[in-house]
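There are 2 protein chains.
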Amino acid sequence: MALVVQKYGGSSVADAEKIKNVARRIADTKEQGNEVVVVVSAMGDTTDELIELAYQVTKHPSDREFDVLLSTGELVSSTLLAMALKEAGYEAISLSGAQAGIVTDTTHRKARIRKVEAKRIRAELDRGSIVIVAGFQGITDEMDVTTLGRGGSDTTAVALAAALEAEVCQIYTDVEGVFTADPRVVPEGHRLEEISYEEMLELATYGAKVMHPRAVELGELYDIPILVASSFSRSPGTLIHGGVSMEVHNKVRGIAHDLNVAKITVVGVPDRPGIAATIFQPLAEANISVDTIVQNASIDAITDLTFTVTRGDLERALQVVEPICQSIGARECVVDAKLGAVSIVGTGMQNAPGYASRMFAALSERGINIQLITTSEIRITCIIAESQITDAVRALHRAFELETAG
Amino acid sequence: MALVVQKYGGSSVADAEKIKNVARRIADTKEQGNEVVVVVSAMGDTTDELIELAYQVTKHPSDREFDVLLSTGELVSSTLLAMALKEAGYEAISLSGAQAGIVTDTTHRKARIRKVEAKRIRAELDRGSIVIVAGFQGITDEMDVTTLGRGGSDTTAVALAAALEAEVCQIYTDVEGVFTADPRVVPEGHRLEEISYEEMLELATYGAKVMHPRAVELGELYDIPILVASSFSRSPGTLIHGGVSMEVHNKVRGIAHDLNVAKITVVGVPDRPGIAATIFQPLAEANISVDTIVQNASIDAITDLTFTVTRGDLERALQVVEPICQSIGARECVVDAKLGAVSIVGTGMQNAPGYASRMFAALSERGINIQLITTSEIRITCIIAESQITDAVRALHRAFELETAG
């Protein structure tokens, strides 16, 4: 008997009918002879509505209270799903994050899972029950509720799969899997049968919304195969795992893109040791995530420092950087807020030259100017004008012949 | 420094503005030098909406899941209230029923509180915090969430007041206190300054909606003074306590009325020992609460048995009683579904004759036919046609000169 962990996102359980539909899918998995643990997100827009409620009461909601508030969304969906399964004649029980033994640190609103004490889940499975776990939440050693922040329910699912040594963690969502490019941008983009953890990590980090990088990372760490598939169809989805053939025929696997990129350039920075830390440490302390960082070669000990942030963080980033800019004697801060990022990702790339030049040529042919370039071993990212992102993704999809890739 | 327990009902915290208003009242109590523990109900219609959601998913929601579902309503309101207090500059923390140490039996949907382990509350109070407790919920020894059923949040408040040895338990609601009669029925009805536990218990049991009898009973048991007052005004409310003068001038203190009464008469019952148990035990097992029971003097060992149930229980009661009726050889079951109850309540009554006759005369003058009569030491209840209830309440209010009572 295999143990399967399934996760259903908010759009999959948005109303009573959808919950019943999900219950049928879970029942099928049980009927196939599996033990089933299900992680569920809050219904539809519930989380957003709870956040709005908090901000109607106060501009600065207490983090601790905020977490208890948000955690109710998953309690509601998990109980309703358990009810639907019982109605269909199956033994089922809902467990809160606390009851499921998801123990986290005390960092409210973006807690990290410290350990999973799966005793109660194990006992309920042994009793023959389908176990429904409220996603996105955990509990501290002091018995205070925490939430896991972005990608929380995916992370709950993969963590449970690891703790329970599940055969597979299935992430059901509103898309049919991982595509060579966002199918809304590239209609001829197609679903990948499988992808490696590293490739998925790069795609997710650089804009593919299908799964949060954090959960992919955890999957890689514990070597849990993760299937991403649609909760509305029976499409086979995409399997993220460690056993993908290293010598895949076409070495670019997918194109990721990200809008809402903003660029800040600190012009005329005196180039002395420690100057980068002077700028980036305060940004880290303000909890602003800095992405690409580029420093030009310095001329006469004066250099320019360029970095990107998400557009939502731009204003706060400037509030941090501008005073520093003055205090270190830099000339000025220049901002470009309307940028995007386009990335090609593929494990094979690292040992095969020519991918970068092919990418740059494809963009250049479309008259797209590249503002910044960064690379990892399996990814090349170009920062370009946001208005040219769609054109760039399509051009790269063609240039790397992804419409014919397997 | 006194310890005060306050409870705010659902209509008092129905939206963000009302929550802020309640926060101001709590802050005032704190500023007066008190330690404050607050019990809060779910916002407005939240509980009804959650119930509806459950019934959209299944006709027979699992009791255990139902309780977790409903308990989220009070988690939401308690966190929002804690946020509002923090926004106003006060230390405040919300606690779930479990965190507050409300330990119950395992009877889901109408659990009874077994004990209160108030250690965490005490620790938070010692830290200077205002403690907001989610009402209506508790936890079993197995760490499963339960709800307390009708009057749950009032019961939470009084139980906490008892465990913490509070000076007073203040129940804030949408009415200004306990009235001589429902002011919507009798405009000249007025607020009572004080009332004894016994009188309040009778009024609440026989239709006064202001407080649930269960919480009054608990208050009496632990001798906790209970103030019932409005959360929207600064009216002084009504104090329910044990120290009310026994020799009050006007011995009828209030008129309670109840609609939705249904009467079942089992006609032609063979009058032999154990016959009442044959009928009423199956009703109790079906969880149907039987109110007034009257058995006529038997003629030739044949009698009639009459009892009342709430109209909502009528159909289920008949399903239980009709087969019994046949099996014991009774002639028939006769139903009158459109009845109401009107009661006069007052501690002084028990030693002063003439109250019953004054009541019957007042009803008779208005042409109101009495179908059943029951009494306790401090109450007389008449079952009459529902359509005549308003008229009866007004007539009795005048007959006992309650418009001039203190």
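Just so you know, the protein sequences line up as chains S and P, in that order. Quick note: the first sequence uses my numbering, first residue 120, plus one each step. Quick note: the second sequence uses my numbering, first residue 120, plus one each step. Positions of the beta carbon are idealized from the N, C-alpha and C atoms, including for glycine.
About 6 Å separates the CB atoms of Lys126(S) and Asp273(S); that is less than 8 Å, so the two are in contact. Chain order gives the chain P residues near Met202(S) as Ala173, Val176, Thr177, His179, Pro180, Ser181, Glu184, Phe185 and Leu188, where near means a beta carbon separation below 9 Å.
For Asn488(S), there is no enclosing beta strand (DSSP E), since its DSSP letter is neither H nor E.
Taking a contact as a CB-CB distance under 8 Å, the pair Val380(P) and Thr324(P) does not count as one, their CB atoms being some 13 Å apart. Listed by position along chain P, the residues whose Cβ is nearer than 7 Å to that of Thr198(S) are Glu184, Val187 and Leu188. Looking at Met319(S), Phe519(S) and Gly467(S), the one whose alpha-carbon comes closest to that of His360(S) is Met319(S).
Using a Cβ distance threshold of 8 Å, His376(P) and Ala460(P) count as a contacting pair. Using a CB distance cut-off of 8 Å, Ala146(S) does not count as an interface residue toward chain P. Taking a beta-carbon distance threshold of 8 Å, Thr292(P) does not count as an interface residue toward chain S. DSSP places Asp455(P) within a strand segment (E or B) once states are collapsed to three.
Contact annotation: in the segment 261-295 of chain S, residues whose CB is within less than 9 Å of a CB in chain P are Met262, Asp263 and Val264. Residue pairing by DSSP leaves Thr299(S) without any beta bridge partner. In this structure the segment 130-141 of chain S does not lie against the segment 170-189 of chain S, because fewer than three pairs of beta carbons, one per stretch, are closer than 8 Å.
If you draw a straight line from the Cα of Val222(P) to the Cα of Ser197(P), it comes to about 19 Å.
The shortest CA-to-CA distance from Arg477(S) to any of Val287(S), Ala518(S), Val132(S) and Gly431(S) is the one to Ala518(S).
DSSP assignment within the segment 121-174 of chain S yields the following whole alpha helix (DSSP H) runs of 4 residues or more, N-terminal first: 135-150. Cβ contact annotation for Glu505(S) (same chain, cutoff 6 Å, sequence separation greater than five): Leu378, Lys457, Leu458 and Gly459, in chain order.
For Val195(P), the chain S residues whose Cβ falls inside 9 Å of its Cβ are Leu169, Leu172, Val187, Leu188 and Thr191, in order along the chain. The Cβ-Cβ distance between Ala334(S) and Val386(S) does not fall below 8 Å. Residue state for Ile407(S) is assigned as coil, using DSSP reduced to three classes. Within the segment 134-159 of chain P, the residues whose Cβ lies closer than 7 Å to any Cβ of chain S are, in chain order, Ala135, Ile138 and Lys139. Taking every protein chain shown into account, the CB of Asp186(P) has 16 or more other CB atoms within 10 angstroms, so this residue is buried.
Close to chain S, meaning a Cβ-Cβ distance shorter than 7 Å, is no residue of the segment 226-256 of chain P at all. Beyond the five residues adjoining it in sequence on each side, Ala133(S) comes within less than 6 Å, by CB distance, of Met162 and Gly163 in the same chain, given in chain order. For Val385(P), the enclosing beta strand (DSSP E) has its first and last residue at Gly373 to Pro389.
His516(P) sits in a helix when the DSSP states are folded into three classes. Nearest to Thr494(S) by C-alpha distance, out of Glu484(S), Ile508(S), Met468(S) and Gln507(S), is Met468(S). Shortest Cα-Cα distance from Glu307(S) to any of His179(S), Lys370(S), Gly326(S) and Ile374(S) involves Ile374(S). Taking 8 Å as the CB threshold, Gln445(S) stays off the interface with chain P. Look at Glu206(P): its C-beta is under 8 Å from a C-beta on chain S. At a beta-carbon threshold of 7 Å, the residues of chain S lying near Ser213(P) are Glu184 and Val187, ordered along the chain. Boundaries for Glu236(P): no alpha helix (DSSP H) harbours it, and the DSSP string shows neither H nor E there. Setting aside the 5 residues that flank it on each side, Val454(P) is surrounded in the same chain by Ile383, each with a C-beta closer than 6 Å to its C-beta; the list follows chain order.
Residues of chain S with a Cβ closer than 9 Å to the Cβ of Gln438(P) do not exist, since the nearest Cβ in that chain sits about 23 Å away. Measuring C-alpha to C-alpha distances from Ile212(S) to each of Arg231(S), Ser446(S) and Asp245(S) identifies Asp245(S) as the nearest.
Judged by pairs of C-beta atoms under 8 Å, the segment 228-236 of chain P touches the segment 254-266 of chain P, as three or more such pairs exist.
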